[in-house]
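Novice:
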Amino acid sequence: MVEQGHPRRILLVDCDAFFVQVARLEDPEGAGQAKLLLVGGSPSGRGVVTSASYAARAFGVRSAMPTAQALRLCPGARVVRVPRKACAHKSREIRLELQRLSPVVQAASIDEFYLDVTGTERLFRESLEDTADRIRRTVLEATEISVSLGGGTRRMIAKLASDFAKPAGVHIVPPGKEADFMKQLDLADIPGVGPALVRSLQDRGLVRIEDALGVDQEWLERWFGAHRGAWLYRRMRGLDSSRVDPREPRKSISSERTFAQDLDTDEALERSLLQLSTSVGRTLRKAGLRARTITVKVKDPDFKTRSRARTTPQSLETDGTLFTVARELLRELRAVRPTPVRLLGVGLTNFTTGIDPEQLGMFDDDDEALETERGRTLSKAVDSLRERFGDRSIVPGPMIRD
DNA sequence: TCTGGGGTCCTAGGACCC
DNA sequence: TCTGGGGTCCTAGGACCC
20 MVEQGHPRRI
30 LLVDCDAFFV
40 QVARLEDPEG
50 AGQAKLLLVG
60 GSPSGRGVVT
70 SASYAARAFG
80 VRSAMPTAQA
90 LRLCPGARVV
100 RVPRKACAHK
110 SREIRLELQR
120 LSPVVQAASI
130 DEFYLDVTGT
140 ERLFRESLED
150 TADRIRRTVL
160 EATEISVSLG
170 GGTRRMIAKL
180 ASDFAKPAGV
190 HIVPPGKEAD
200 FMKQLDLADI
210 PGVGPALVRS
220 LQDRGLVRIE
230 DALGVDQEWL
240 ERWFGAHRGA
250 WLYRRMRGLD
260 SSRVDPREPR
270 KSISSERTFA
280 QDLDTDEALE
290 RSLLQLSTSV
300 GRTLRKAGLR
310 ARTITVKVKD
320 PDFKTRSRAR
330 TTPQSLETDG
340 TLFTVARELL
350 RELRAVRPTP
360 VRLLGVGLTN
370 FTTGIDPEQL
380 GMFDDDDEAL
390 ETERGRTLSK
400 AVDSLRERFG
410 DRSIVPGPMI
420 RD
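All you need for this note's numbering is the position in the first sequence, starting with 1, plus 19.
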């Protein structure tokens with residue numbers, strides 16, 4: 020807990036309306052020309068806005084807002100789909116560029132990157148402001164993406180500072196000024212304080228950080244539990260000991276789909292489930308992983324979300340076994356509450372890499388084994404065919420039986 | 001107004017083991 | 001008859017982030 024040595028120099032690089040920028044680069048004649056641009060939506064009409072251009076935001080449009088509502092606020096706005104592949108590709112480009120500019124880079128999301136540039140002041144003989152601005156200009160030139168940078172002695176400070184930098188700017192909180200910086204903010208501004216906690220704080224008359232600073236830690240712990248209370252107490256004061264850590268093993272892989280119309284038949288649901296299982300399976304194998312836990316999730320028409328998970332002794336990787344387990348879980352969910360389904364999802368967790376040592380030989384020639392070497396080899400062969408000839412070359416379906 | 005899709009982390013209870 | 005305690009794994013749900 021005790022801070023040691025020199026204060027750290029942390030930067031957060033945050034892309035300005037990332038999805039909007041990528042959509043414009045992808046389609047300069049269309050999206051590129053529309054001042055009022057909403058990225059997101061969906062042909063089914065059930066979509067939400069993922070990102071809106073700054074001009075559209077001036078009308079009150081926010082991300083996660085239903086597209087229909089956004090269009091009422093901002094009539095005439097152009098709506099385009101999220102260019103997912105292009106976004107992932109551009110994100111990688113930006114990360115590679117940042118890795119040339121900073122010793123420690125951590126991708127926090129598709130459009131946010133933490134840098135720890137502690138020590139570079141001696142190397143470059145420049146202030147943190149100047150470092151941040153140099154990085155901003157270099158990234159723009161190399162990737163065509165405009166970013167903003169927040170900086171300070173801690174991750175949370177850098178993150179909050181970046182809000183003051185947008186768009187296309189830099190904002191640094193000097194060492195020692197963290198508490199003053201926090202004091203001007205609302206509790207809702209603290210990353211990790213969401214709608215539920217805000218409501219609960221509001222019920223106790225607390226909205227501004229400045230007002231909440233007088234509350235004893237003991238009370239916060241009594242209200243929100245020891246862990247969360249202590250966490251909030253520190254965060255309000257700008258204290259945050261988390262490091263910028265470039266190692267980030269993936270912990271879950273999932274795919275889900277909201278249907279244009281709620282699905283009601285087992286046949287249609289299982290067809291969709293097969294697609295989802297195949298999709299997460301390919302991602303899993305591409306990452307060189309196997310998974311032990313499979314989760315199936317449904318959202319009912321009343322928005323109630325239910326899930327069912329199963330952990331198998333053997334770690335799995337083939338589409339066939341993933342689908343077989345997922346189908347059992349879906350049938351259990353349907354049995355509990357047989358209602359039409361708005362959303363269906365498949366998730367994988369509990370990863371092992373390659374061969375699990377403790378299971379070596381355990382399932383060879385074993386009736387218990389869900390997956391065989393033959394099946395795994397086949398699954399990978401299918402992957403490489405798809406890689407070479409496209410997704411349509413192999414149609415799943417006939418290879419899966421009861 | 002009518003609510004996406006990809007994630008991470010936390011909690012609470014039960015099973016099971018020593 | 002009155003029933004420990006701690007650790008780990010698993011499941012289900014929920015808060016939160018971009």
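Beta carbons are placed, not taken as given, at the ideal position from N, Cα and C, and that holds for glycine.
1) Alpha carbon to alpha carbon, how far is L159 from A53?
2) Count Cβ pairs between the stretch 195 to 206 and the stretch 169 to 176 that sit closer than 8 Å; are there 3 or more?
3) How about L348 and R329: are their beta carbons less than 8 Å apart?
4) Can you tell me whether R76 is helix, strand or coil according to DSSP?
5) Could you pull out every unbroken alpha helix (DSSP H) segment of at least 4 residues lying fully inside the stretch 245 to 282, listed in chain order?
6) Could you pull the DSSP bridge partners for G170 from this structure?
7) Is it buried or exposed, L57, if we count other Cβ atoms within 10 angstroms and call 16 or more buried?
8) Please report the distance separating the alpha-carbon of G95 from that of E237.
9) Let's see if you can read the secondary structure: which residues bound the beta strand (DSSP E) around A345?
10) Alpha carbon to alpha carbon, how far is Q88 from L352?
11) Per DSSP, what kind of secondary structure is Q203 in: helix, strand or coil?
12) Considering only heavy atoms of the ligand MN, does any lie closer than 7 Å to the CB of A77?
13) Rounded to the nearest angstrom, what separates L204 and L232 at their Cα positions?
14) Please determine, among D33, S70 and S61, the residue with the shortest C-alpha to C-alpha distance to F114.
15) Going by CA-CA distance only, name the one from T137, F183, G138 and E112 that's closest to D126.
16) Suppose only complete runs of 4+ residues qualify. What are the alpha helix (DSSP H) ranges in the stretch 113 to 163, listed by chain order?
17) Should Y73 be labelled buried (16 or more other beta-carbon atoms within 10 Å of its own) or exposed?
18) Among the residues of its own chain, which have a CB less than 7 Å from the CB of E148, if the five just before and after it don't count?
19) Here's the rule: buried if 16 or more other CB atoms are within 10 angstroms of the residue's CB, otherwise exposed. What is A83?
20) Look up I419 in the DSSP assignment and say whether it is helix, strand or coil.
Specialist: Let's see:
1) Within the first sequence, numbered from 1, the residue matching residue 159 stands at position 140. Within the first sequence, numbered from 1, the residue matching residue 53 stands at position 34. Linking L159 to A53 through their CA atoms gives a straight-line distance of about 21 Å.
2) Touching, yes.
3) In the first sequence, residue 348 corresponds to position 329, counting from 1. In the first sequence, residue 329 corresponds to position 310, counting from 1. In this structure, R329 lies closer than 8 Å to L348 by Cβ.
4) Working through the first sequence from its first residue, we reach residue 76 at position 57. In this structure, R76 counts as helix in the three-state DSSP scheme.
5) Taken in chain order, the complete alpha helix (DSSP H) segments of 4 residues or longer contained in the stretch 245 to 282 are 245 to 255.
6) Residue 170 sits at position 151 when you count from the first residue of the first sequence. In the DSSP output, where bridge partners are listed per residue, G170 has L30 and I191.
7) Reading the first sequence from its first residue, position 38 is the one you call residue 57. L57 should be labelled buried.
8) Counted from its first residue, the first sequence places residue 95 at position 76. Counted from its first residue, the first sequence places residue 237 at position 218. A straight line joining the alpha-carbon of G95 with that of E237 spans about 52 Å.
9) Residue numbering aside, residue 345 sits at position 326 when the first sequence is read from its first letter. Counting along the chain, A345 sits inside no beta strand (DSSP E); it lies in the alpha helix (DSSP H) bounded by residues D338 to V355.
10) What you label residue 88 is simply residue 69 of the first sequence in a count that begins at 1. What you label residue 352 is simply residue 333 of the first sequence in a count that begins at 1. Going from the Cα of Q88 to the Cα of L352 covers about 32 Å.
11) Numbered from 1 along the first sequence, position 184 holds the residue referred to as residue 203. Q203: coil per DSSP, three-state reduction.
12) This structure lacks the ligand MN; in fact it carries no ligand of any kind.
13) As a working mapping, residue 204 is identified with position 185 in the first sequence. As a working mapping, residue 232 is identified with position 213 in the first sequence. Going by the C-alpha atoms only, they are around 12 Å apart.
14) Mapped onto the first sequence, residue 114 falls at position 95. Sequence inspection shows Arg at residue 114; the Phe mentioned does not correspond to that position. Among D33, S70 and S61, the Cα nearest to that of R114 is on D33.
15) Taking the first residue of the first sequence as position 1, residue 126 is located at position 107. Reading off the sequence, residue 126 comes out as Ala, not Asp. The shortest C-alpha to C-alpha distance from A126 to any of T137, F183, G138 and E112 is the one to E112.
16) Runs of the alpha helix (DSSP H) inside the stretch 113 to 163: 139 to 143 and 147 to 162.
17) By 1-based counting over the first sequence, the position of residue 73 is 54. Y73 is exposed by the Cβ-count criterion.
18) Here residue 148 is taken as the residue at index 129 of the first sequence, counted from 1. Only V189 and I191 meet the Cβ criterion.
19) Locating residue 83 in the first sequence gives position 64, counting from the first residue. Exposed, because fewer than 16 other Cβ atoms sit within 10 Å of the Cβ of A83.
20) Locating residue 419 in the first sequence gives position 400, where the first residue counts as 1. Because I419 sits at a pLDDT of 47, beneath the cut-off of 50, its placement in the model cannot be relied upon, and the following sentence gives the value as read from the coordinates. I419 sits in coil when the DSSP states are folded into three classes, being neither helix nor strand.
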